[in-house]
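I have placed the structure first, in the form of structure tokens, so that the comments after it can refer back to it.
Protein chains: 2
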Amino acid sequence: MGLKPNSALKASKTLFVLLSLFTFLLVGSQGENTAMDNVATERRAEESHRQDSANLLIFIMLLTLTILTIWLFKHRRFRFLHETGLAMIYGLLVGVILRFGVHVPRNMNNVTMNCSVNASPATLLVNVSGRFYEYTLKGEVSTVKGHDVQDDEMLRKVTFDPEVFFNILLPPIIFHAGYSLKRRHFFRNLGSILAYAFMGTVISSFVIGLVMYGCVTLMKAVGQLGGDFFFTDCLFFGAIVSATDPVTVLAIFNELKVDVDLYALMFGESVLNDAVAIVLSSSIGAYQPAGDNSHTFDATAMIKSFGVFLGVFSGSLALGVATGVMTALVTKFTKLRDFPLLETALFFLMSWSTFLLAEACEMTGVVAVLFCGMTQAHYTFNNLSPDSQDRTKQLFELLNFLAENFIFSYMGLTLFSFQSHVFNPLFIIGAFIAVFLGRAANIYPLSFLLNLGRKNKIGSNFQHVMMFAGLRGAMTFALSIRDTATYARQMMFSTTLLIVFFTVWVCGGGTTPMLSFMSIRVGVDSDQDSSVIVSDGTQHRNTKHESAWPFRIWYNFDNTYLKPLLTHSGPPLTATLPACCGPLARCLTSTQAYENEGHQHNDDSDELVLNDGNATMYGDVTVSTDASGTRTTNHKHLSASTMGITSEEALDQELAFGEHELVIRGTRLVLPMDDPPEPTVTLPPPPTSPPPFSDPFSDPFSDPFSDPRRNKL
Amino acid sequence: MGLKPNSALKASKTLFVLLSLFTFLLVGSQGENTAMDNVATERRAEESHRQDSANLLIFIMLLTLTILTIWLFKHRRFRFLHETGLAMIYGLLVGVILRFGVHVPRNMNNVTMNCSVNASPATLLVNVSGRFYEYTLKGEVSTVKGHDVQDDEMLRKVTFDPEVFFNILLPPIIFHAGYSLKRRHFFRNLGSILAYAFMGTVISSFVIGLVMYGCVTLMKAVGQLGGDFFFTDCLFFGAIVSATDPVTVLAIFNELKVDVDLYALMFGESVLNDAVAIVLSSSIGAYQPAGDNSHTFDATAMIKSFGVFLGVFSGSLALGVATGVMTALVTKFTKLRDFPLLETALFFLMSWSTFLLAEACEMTGVVAVLFCGMTQAHYTFNNLSPDSQDRTKQLFELLNFLAENFIFSYMGLTLFSFQSHVFNPLFIIGAFIAVFLGRAANIYPLSFLLNLGRKNKIGSNFQHVMMFAGLRGAMTFALSIRDTATYARQMMFSTTLLIVFFTVWVCGGGTTPMLSFMSIRVGVDSDQDSSVIVSDGTQHRNTKHESAWPFRIWYNFDNTYLKPLLTHSGPPLTATLPACCGPLARCLTSTQAYENEGHQHNDDSDELVLNDGNATMYGDVTVSTDASGTRTTNHKHLSASTMGITSEEALDQELAFGEHELVIRGTRLVLPMDDPPEPTVTLPPPPTSPPPFSDPFSDPFSDPFSDPRRNKL
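Here the protein sequences line up with chains A and B, keeping their order.
Take full-length UniProt numbering: the final residue in the first sequence is number 713, and no numbers are missing along the way.
Take full-length UniProt numbering: the final residue in the second sequence is number 713, and no numbers are missing along the way.
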């Protein structure tokens, strides 16, 4: 929409007035908190509640401000500071105000008692003149230093329980990441993504851990170390700062419509390495109390940690997938789709229960939620009514947006409100170097190795961008704030905070110039990718080799058994399962499956295996631009024509297509239409319209977020 | 959608399997909790977190089960048990399992210390061998009775902090009630609604309070009273059980499309009396500690309470309206509508901040949120982009649904999991009688008085239904669980729980039979109400007298100044404000206002004043059923034709219409088209298509939930 200059001026004025008003409200509501000092418990509880409300209000106002400023930035097309960076700046400002502007002394009602207990129980029953009061453990308080700051009630109150991040804020972000994954591009680059995410993160953790160990040894030598810092602490630090953030950079990538492969690599890596980092850090934590915390490297403990890592990761993965599958089954076999509200609620609850179930089983909820999101997007999404598809998308989009901005503004706030910062210049410099080296040791060697196997090489410009754009964000912060009890952890936390600030502001802000400097393609419509490239005839890239045999086997299994079982699409199970399972197959196949069998099958085939192949073969067939009604008719025709084939034949056909395609790969030939792909199989000729590769037609299996994630924002 | 018998059977089988599976998971995850008893603090915190997850999981599973069963009920058109009743039953079942099936003894790590402190501070610093641990006060523990039950860690853990209800679960419910209010029918019956909600609730509170006081005196006489129970306690009880619940009955009303006036009366009353009850109970609470808690009636304290009531109520109302107005201004003057996600997030945050702001200012957040919701629906909703309108509707619908069902299943759970129940048969019988009498004293005398003034009498069948369908629900529960410290409060809580169960199951379930027994009209389309009635020509009811002069003045003020100021509609402020305010008016009027001035104005006019009048006059003009594009063209024409009139003239016209209409009220005449309403005003003839009364066309000012609330569910 066109913007008139005076309306922009008016808008910025409005914003300013709102800003001042918010600041006023903020300070006003804090000032009132000082007023009371009543002894009655009820009154005190009321006061505490009031203060809690005021504190939460601060964050709501921060978010509101952030939203308005984001709007202004978008309005003016100002791109160098992303909303997350902005949220951090506002958080910083409020942190400064709270720290230096308002001083609310702590109510002097915490009595220090010296009792003869030698444990710190989780609950404490205190007998006060005959009445019992229950107290719950909040944590250890460091009384050694900074007791003057510790007294500030406001600062203390504004600090959230770190568990809030893990239990409330991270799950929607991670779920949304899984749910909005562009599966087509993701699967095309799956091998490379897995390599970066698993091997890369482990390499990065160890490199950072080793560099930090050197740094800590140096610090100890020059007497700069104020407490214990063990080798496992170094590794832990390596694990938490190895998690790159999928938020900031990818929002920019999305806006600029950057090259889809680069996007898929970055997104896949940063989503999965969050999961890897969280499990890695917890398995290092699990290894720590058992070992002797010595400075030496222990191989058996290392293997044990690795076992824990594998167990927890695969367990969480299985759990997430299981809940996703269960949701798919429930949505398939009930007629919930008649009631979108119920359906959305069920979807939301089942996805949330994944997280809780994993946590209750001592798995990692965040990892479970990620894979649950991917399963939901792959199966359940197709069972939902169109209304629910919209609702769930929008709901998780909103939750993700709010949680993200909350975390980033809280980060900004923490720099001043957190009361046990340990800023050690040597450690900080060492950490920055270590993070740089760790990222480099992840990207460059792995890219070199991957390029040996990839036909579609990861260019050096891609590598530089991946190196540069490895921001640290929400996950790193959440992992580092989870435990700030010891000196080592406090120093890690403070340093991590600085790393996050630096990467979000400097690397995040510099991504756009970096992209143009590295001459990366922008303005690519990810969904029209293949056809666009084919039509200009010059840039056709072969990524087919990524669809190697393990993936092809998986794809066929998924398409023949899982999708028919879990969704309404695909060939009916009655056709694919052996005859002995007849009654079961009939019971599990929905009526829709019989109707749209061929259609779904063909539509879906482009997703993984036949992707580029078909584009090459039918590249000169133009997509018919009739009204949607006509398209459906074509589909009906298509499904009718392929109805007679058994799934084995279809499988053969596909594998044949694949083989055929591999043969002609190097020549980049556009096959003439009268050349049937595999003459021995008696198939109807491939339909001329619509061609199977065209994404706009694959509605039932299109990505839930097929339009770029942030585009509508 | 037609249902095949075998698919229903399959569905119910699936449900059963899921049910068993959930039960298994539930019990399984609890069983594991017993395993560990580690002394390390970290391990214990982990364990506590695991248990919290498991507890929350129980509720998620309960909700999931409820959703699936609701679906089954809706599927089978089973109407006698509403979802809320169902949620309660599931809650009860889980409560029984937790109470009698699983016994998790409390970890024996809470040490009872006898220290020389004579206060119970909010925070406690405990010095354990040189290290300081911080503890926070959780509340007083009654150690006198039921210590064996108290030991059950699971039951204790499953009990939420009552503040959760007030701060997390109630606000979305109340906001949704305000946001989905059918304003047209609400305003038509505003006088009666206010009478029932304010006077009625106060009357009911006092009647119940007095009856209970008699009951308590009797109990004391026969030695059945186990503790103190003061007169203020009786009044408090009266206040909390006077809040009727808008959820259950209105869902049934909506499904059956019951008479719109009855619907409006019930909905308006139950929404507003929640607000009245919460303020009433808190002002009684405020009066309590100041007074002497004697058994006598104190007039000055009473007046003081009344003052507190008025102050808090009006303050909260003003605050809610203020935030709503601010949101309207922000959405009007920014171009946020280009970014639906930002817009939705802003809307959500601003609405939530109302609650927090009110709580931080010692007002009542729930009341503020109610009026904020009404303001948002009236003004802000019209500034939102269509996408955001959908999103906000769906978001609050979902939040409301989840919160409602959570509260009701928690209610069921509480009957067995709450550990300080006091069931006193005499008190319970007295309470049931008192609630019955209180409701009767609210409905019948007030209806009699209102009927003296109303032309459209509230029939005795309406009165009986209102009497019968006065369910007690979420608000009553939340108010009674808020404080269960004393004997009196515990007895109140247990009794309230029974009253809620009884009314939801018996009265809620009996509503459908009651409606048919009382021969209340069902199947009325609320939005087409007037036109439908006119077209059948027999049942036209005159409710115009409700639009008495105070409302007409308000309407005109709203339409001339507020709507133009806060939204893009209405006559431009440049036309309505005096000339001296010219520059300000130009600054505040959006460009859209000039464009669609006449259109909006006419569209909107049916909302309050010209409602029945126009229906009478143009009742025989059929609505054109062209495509939406044609409709828009008609609108353009309409707005162009009325563009020339100043708003004063339009005002005159409307008042004239009103007068005229009042004159013909008694005769129920359908005015012929060639009779101009007020010949002296030189107006273009009223456009023939579309007629202004038809709701489907009044998009910009239609109710956000113009389709019945639960219909799509």
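Glycine included, C-beta positions come from ideal geometry on N, C-alpha and C.
Values in this document were obtained by computation on a predicted structure and should not be read as measured data.
I'd like the list of long-range same chain contacts for residue i, defined as Cβ closer than 6 Å, with 5 residues on each side in sequence excluded.
i: G438/B; result: S204, V207 and I208
i: G227/B; result: Y487
i: D274/B; result: A243 and M475
With DSSP run on the structure shown, which of helix, strand or coil describes residue i?
i: T486/A; result: coil
i: residue 718/A; result: Residue 718/A is absent from the model: chain A starts at 1 and stops at 713.
i: T244/A; result: strand
i: R472/A; result: strand
i: E362/A; result: coil
i: G226/B; result: coil
i: G2/A; result: Confidence in G2/A is poor, its pLDDT being 36 and thus under 50, which makes the residue's placement unreliable; the coordinate value appears in the next sentence. Correct three-state label for G2/A: coil.
i: Q419/B; result: coil
i: K332/B; result: helix
i: M302/B; result: helix
i: N189/B; result: coil
i: G307/B; result: helix
i: S204/B; result: helix
i: I520/B; result: coil
i: F396/A; result: helix
i: L98/A; result: helix
i: G412/B; result: helix
i: H568/B; result: coil
i: P386/B; result: helix
i: F165/A; result: helix
i: F160/B; result: coil
Around the Cβ of residue i, are there at least 16 other Cβ atoms within 10 angstroms (buried) or fewer (exposed)?
i: G223/B; result: exposed
i: L449/B; result: exposed
i: Y179/A; result: buried
i: G101/A; result: exposed
i: T327/B; result: buried
i: L584/A; result: exposed
i: P679/A; result: Residue placement at P679/A cannot be trusted, given a pLDDT of 39 that sits under 50; what the coordinates show is reported in the next sentence. By the 10 Å Cβ count, P679/A comes out exposed.
i: I252/B; result: buried
i: A485/B; result: exposed
i: G598/B; result: Bear in mind that a pLDDT of 46 at G598/B, under 50, signals an unreliable position, so the model cannot answer this.
i: F333/A; result: buried
Apart from the five residues on each side of it in sequence, which residues of its chain come closer than 7 Å, Cβ to Cβ, to residue i?
i: residue 756/B; result: Only positions 1 to 713 of chain B appear in this structure, which leaves residue 756/B out of reach.
i: V276/B; result: A197, F198 and T201
i: L415/B; result: L92, G95 and L497
i: F501/A; result: M88
i: T511/B; result: V249, I252 and A469
Apart from the five residues just before and just after residue i, which ones in its own chain have a Cβ nearer than 8 Å to its Cβ?
i: V330/B; result: L336, L346 and M350
i: N6/A; result: Here N6/A scores only 42 on pLDDT, less than 50, and its place in the model is too uncertain to base an answer on.
Could you tell me whether the stretch 488-497 of chain A touches the stretch 453-471 of chain A, using the rule of 3 or more Cβ pairs below 8 Å?
-> no
Quick check: the stretch 359-371 of chain B against the stretch 169-185 of chain B, are there 3 or more CB pairs under 8 Å?
-> yes
Complete runs of the alpha helix (DSSP H) confined to the stretch 420-466 of chain A [at least 4 residues] = 425-453
Validate contact between the stretch 308-318 of chain A and the stretch 235-251 of chain A using beta carbons, cut 8 Å, 3 pairs | no
Give a yes or no on contact between the stretch 62-75 of chain A and the stretch 402-414 of chain A, applying the rule of three or more CB pairs nearer than 8 Å.
-> yes
Below 8 Å, can you find three or more Cβ-Cβ pairs linking the stretch 420-427 of chain A to the stretch 417-431 of chain B?
-> no
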